[in-house]
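In what follows, a structure is listed as structure tokens, so that the remarks can point back to it.
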């Protein structure tokens, strides 16, 4: 999940600036303003939505919902031809995709046991880095073929990450406690 998410987010991030300049003829000044706006929105999302999900929900389940919204948002981006809706959808995607990182990190930290916690967190960081490397490589190659392809890849990576998170949730979800012997429901 971590690697797929990082691949999708990096492919998006590497292509977004080029796409705005190449397809919509926006200057680098607009790109800077949009990146600053994305940073502020991400800070807001991480300090509200993300903290709520970590403190008040089953994070293993919540990450599925956030990843699926990321996938749906990126699917909408792929079919968007107008600049303003394209930019708005990408800002939403960026904020949600950034919110997934602490959720996945929380899942990894919760799964770490005792002295293995350093190994688990090291593996988490390695998988995140691997996703970043692969996402950047794919973004550059795909953008050369067609400027929308990195966004298609990002959608596919987020969708696959959603399915992997759902599979992990099903495997780790706690079974209901059995009723004590001799007790009958009423």
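In the working numbering, the protein residues as written are 4 to 189.
All residues carry an ideal CB built from backbone N, CA and C; glycine is no exception.
Beta-carbon proximity of residue i to residue j, cut-off 8 Å
i           : j           : result
residue 13  : residue 139 : yes
residue 120 : residue 62  : no
residue 151 : residue 81  : yes
residue 165 : residue 67  : yes
residue 94  : residue 40  : yes
Residue closest to residue i, alpha-carbon to alpha-carbon, out of the options
i           : options         : result
residue 142 : 9, 106, 163, 17 : 17
residue 83  : 148, 165, 22    : 22
residue 161 : 66, 11, 5       : 11
residue 36  : 46, 26, 20      : 20
Start-to-end residues for the alpha helix (DSSP H) that takes in residue i
i           : result
residue 113 : 86 to 114
residue 5   : 5 to 27
residue 165 : 152 to 175
residue 76  : 62 to 81
residue 31  : 31 to 48
Span separating the alpha-carbon of residue i from that of residue j
i           : j           : result
residue 114 : residue 126 : 12 Å
residue 72  : residue 99  : 8 Å
residue 69  : residue 96  : 10 Å
residue 44  : residue 6   : 23 Å
residue 116 : residue 32  : 47 Å
residue 172 : residue 60  : 13 Å
residue 122 : residue 167 : 21 Å
residue 29  : residue 90  : 11 Å
Check whether the stretch 128 to 137 and the stretch 41 to 59 are in contact - that is, three or more C-beta pairs closer than 8 Å. Inter-segment contact for the stretch 128 to 137 and the stretch 41 to 59 is absent: fewer than three beta-carbon pairs are separated by less than 8 Å.
Segment contact flag, the stretch 157 to 166 with the stretch 72 to 85, C-beta cutoff 8 Å, min 3 pairs: yes
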